[in-house]
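Per the working numbering, the sequence shown starts with residue 537, numbered consecutively. All C-beta atoms, glycine included, are put in the ideal place defined by N, C-alpha and C. Note that the structure is predicted; figures quoted are calculated from it, not measured. Take a look at the structure set out below.
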Amino acid sequence: MTAPARTSASSALFAVAIGLGAFLLFLVQFILGKQLLPWFGGAPAVWTTCMLFFQLLLLGGYGYAHLLADRFTPARQRDIHLAALALAAVLLLVRAFVWPAPISPSDAWKPDPEASPILAILGLLAFTVGLPFLVLAATGPLLQSWFSRVRPGVSPYRLYALSNLGSLLGMFSYPFALEPALPIAGQGWVWSIGFFVFAVACGACAVLAGAAPALAKPSGHVATVSKPTAGRRLLWFALATIPSTMLLATTSQISQEVAVIPFLWMLPLALYLLSFILCFEYERSYVRALWLPLLVLGAGGATYALFAGVYAGMVLQLVIYLVTLLAYCMVCHGELVRQKPDPKYLTQFYLIVSAGGAAGGIFTGVVAPLLFPEFWELPIALFVGFVLAMYVLYRGAWPQRLWLAALSAFGVLVGSLGLAGALVYHMREQLDDNMFVTRNFFGVLRVDRASGGNLAYTRLRHGRITHGIQFESEPLSSAPTSYYGQTSGVGLAVEKHPRRLAGERLHIGVVGLGAGTMATYGRAGDRVRFYEINPAVVALSTGDEPYFTYLQQCEGEVAVVIGDARVALEREQPQGFDVLAIDAFSSDSIPAHLLTVEAVELYFRHLREGGILAVHISNRYLDLDPVVRGIGEKLGLQVEYVEDLENDEVVWQSDWMLLARRESDMNSPDLVNALAPKVDPDAPYPLWTDAYSNLLQVLKR
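Laid out in structure tokens, this is it:
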């Protein structure tokens, strides 16, 4: 082989290894996130915690790469990394014999309901994919360092853009190719086979690098070749921390208000990576005159969206938050590229950038939930990022004319104070007039007093959505109210159930406690069994001085099971429910694992003959009617829609779907009269399964 051919082959080999490594690095995040989501109740914090783990391991991988490149000879680097690749591959092979797939743990690994969800997620991820991910994480900086030796005189920074392109392909391949085509186990096998291919390519790169000489001197491809100062390294860290914090805070905000699914995780992450690609591969794409004004506008727009909340509409919220995220990422990553060092300090540069990313993840995933009663990460990141951008803009480059410098300083000061004032006002507004506020893994709960007409009541809110009220005076204090009135779908399912009409006792199951309103349907001799994943919700209705007293007032026998409903129902013997109500949606977000074919099959295993499943589908953004009908069609169930148009200070408009094994199970006259007209039976309904759910199919137009 000629020298030019060998050179081209080596370049192609490095490109394949780096691109495939990045592809697998991000693909596995979605595969495991999708599998763990239903194990932890579909909470938005599942993805945030997963991101925290992957960022920490990314930092570990970068640290490992820096240590190898800085402390060991080329031959020693080769030997150590080949050993790490081999060990990771052997671990995957061993697991292939005991798990459904090498990275897909069996159901026996589902968490204990009493365990800390954050620690459980981190532990599961570490055991499942810890070493393979660490090896993949080291690929980018390590192979770029090796490339500098194998191809001296050629800038390795373009390989960083290739790495981010591979990451983007890994993300987009999941929701559009892998997720709809294969179950979780099949996805795990595809990823594992890809890892074995990567290990071979990376091993070949290690052999080439081991035979190449170490870098003798800086190559001069960037402006400075001096050792980076402490201040410069601190700036790298800050410029990496803000985008990471913005990424996770934006993802949490979107998940809280819309849905907890990989597709919506992908959008912010794709923009985050796109900014890396544009800034590192096409440096001219970062133009201060364009992106800094966009950052300023984005900060204002995001502040508006925080105030407006759900009233701004889903599409407008998404556009504002995503454009703002892109502007912040472009400014920070663009300035990061302007500060990049010579390839001699490349692994140190990436290590610090990774540390900044991990710091953002730790702040958002660990520190903020412990310190803040509300979701304040996004307002804080907006302000700190704004100040950092102004600092970078005017750092050593103030206008020469005194009046222009003074005017610029005044503008920056006014803008910073104005943004800070608006954000602080928003944060204080969230706490005002609340009787109780708490935040945990599952979100923010608020209890306050409100009134409808002349009637005062205590209200429970999760996110921005009310999840039950209780009036302060009789007889309404013990009556079914809000979305659960007697003319609602679930009210009719209980009160007009054939066994209720025959005077028999009922066994009622409820997924989602809320304020406990469904307990009002329990009569003497009835049993009402709630499933609630959030212990903080249970605490509001229990104890010596509960905020809501529905459980204590219930005439029947009440039981509350703490933990994810699907996990609990899978572990329990059939309960023989007469009515099972599914009402576990927080804010307007949807834990999709509660609306899948497998979930409904599980529900009906716990419904006795003649039992009715009631699903609450009221939602500002999503039309879930076709989803429920698609599942009913797949399972051969009778599906009906009940719209309660009554809307006053006591009972609110609500949408419920009722499912039964036979039409005769819902044939009481009052219930039949409340059913909506039949829809076209030939309508193409989407089919959601544990392996696939598509939010775009059900967006309200």
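DSSP three-state assignment for residue i, whether helix, strand or coil
| i | result |
| --- | --- |
| ASP643 | helix |
| ARG1059 | coil |
| SER703 | helix |
| ALA1095 | strand |
| TYR1020 | coil |
| VAL1187 | strand |
| ILE1044 | strand |
| ARG1000 | coil |
| TYR818 | coil |
| TYR1157 | coil |
| ALA579 | coil |
| ARG607 | helix |
| ALA637 | strand |
| LEU522 | Since the first residue of the chain shown is 537 and the last is 1237, residue 522 is not available in this structure. |
Close Cβ partners of residue i (< 6 Å) along its chain, the five nearest in sequence each way excluded
| i | result |
| --- | --- |
| GLY730 | LEU560 |
| PHE978 | ALA579 and ASN1070 |
| ARG982 | ASN970, VAL973 and ARG997 |
| THR1023 | ASP1180 and GLU1182 |
| LEU1138 | LEU1105 |
| GLY1048 | ASP1119 and ALA1120 |
| ALA835 | LEU918, PHE922 and LEU955 |
| LEU872 | LEU775 |
| ALA1150 | GLY1025, VAL1026, ALA1029, ALA1117, TRP1192 and LEU1194 |
Euclidean distance between Cα positions of residue i and residue j
| i | j | result |
| --- | --- | --- |
| CYS741 | LEU678 | 10 Å |
| ALA697 | ALA558 | 11 Å |
| ALA644 | ALA838 | 43 Å |
| GLY756 | ASP878 | Here GLY756 scores only 44 on pLDDT, less than 50, and its place in the model should not be relied on; the value that follows carries that caveat. The straight-line gap from Cα to Cα measures roughly 7 Å. |
| ALA1196 | ASN1155 | 23 Å |
| GLY599 | LEU887 | 6 Å |
| PHE908 | ALA917 | 14 Å |
| GLY1061 | ALA1095 | 13 Å |
| PHE1007 | ASP1184 | 14 Å |
| ARG975 | THR1056 | 27 Å |
| GLN565 | GLY896 | 18 Å |
| SER1190 | LEU1181 | 7 Å |
| ASP1119 | LEU704 | 35 Å |
| VAL758 | THR883 | For VAL758, the predicted model reports a pLDDT of 45, less than 50, meaning its position is unreliable; a value from the coordinates is still stated below. Their backbone Cα atoms lie some 15 Å apart in a straight line. |
| PRO764 | ARG685 | 21 Å |
| LEU549 | PRO688 | 16 Å |
| LEU655 | LEU831 | 36 Å |
| MET963 | PHE911 | 9 Å |
| THR664 | GLN591 | 16 Å |
| ASN700 | LEU807 | 11 Å |
| LEU861 | LEU783 | 7 Å |
| SER791 | PHE608 | 44 Å |
| VAL1046 | ARG1065 | 6 Å |
| ILE554 | VAL960 | 44 Å |
| PHE734 | LEU556 | 6 Å |
| LEU604 | GLU965 | 51 Å |
| VAL980 | GLY999 | 6 Å |
Beta-bridge pairing of residue i - partner residues as DSSP gives them
| i | result |
| --- | --- |
| TYR993 | ALA986 and PHE1007 |
| ASN970 | ASP984 |
| LEU826 | In the DSSP output, where bridge partners are listed per residue, LEU826 has none listed. |
| LEU1194 | ALA1150 and GLU1176 |
| ARG975 | VAL980 |
| ARG1065 | GLY1045 and ALA1095 |
| ILE1241 | What is shown of the chain runs 537 to 1237, which leaves residue 1241 out entirely. |
| TYR1228 | THR1225 |
| LEU1116 | GLY1045 and LEU1149 |
| LEU718 | DSSP, once it has assigned bridges, lists no residue as partnering LEU718. |
Sequence-distant residues of the same chain with beta carbon closer than 7 Å to residue i, five excluded per side
| i | result |
| --- | --- |
| GLY1099 | PRO649 and ILE1069 |
| ARG1144 | GLY1112, PHE1113 and ASP1114 |
| ALA891 | LEU595 and PHE773 |
| VAL1163 | LEU1131, PRO1222, TRP1224 and VAL1234 |
| VAL768 | Note that residue 768 is Arg in the sequence shown, not Val. Only GLN875 meet the Cβ criterion. |
| ARG1059 | GLU1091 and GLY1092 |
Close Cβ partners of residue i (< 8 Å) along its chain, the five nearest in sequence each way excluded
| i | result |
| --- | --- |
| GLY596 | LEU670 and ALA673 |
| ASP1201 | PRO1034, GLY1146, GLY1147, ILE1148 and GLN1174 |
| TYR1228 | GLU715 and PRO716 |
| MET707 | PHE562, LEU563, PHE566, MET802, LEU805, ALA806 and LEU809 |
| PRO1220 | none |
Any chain D beta carbon closer than 8 Å to residue i
| i | result |
| --- | --- |
| GLY1039 | Looking at the structure shown, chain D is missing, and only one protein chain is on hand. |
Presumed contact (8 Å Cβ cut-off) between residue i and residue j, rounded CB distance
| i | j | result |
| --- | --- | --- |
| ARG1102 | HIS1129 | 6 Å |
| ILE639 | LEU568 | 7 Å |
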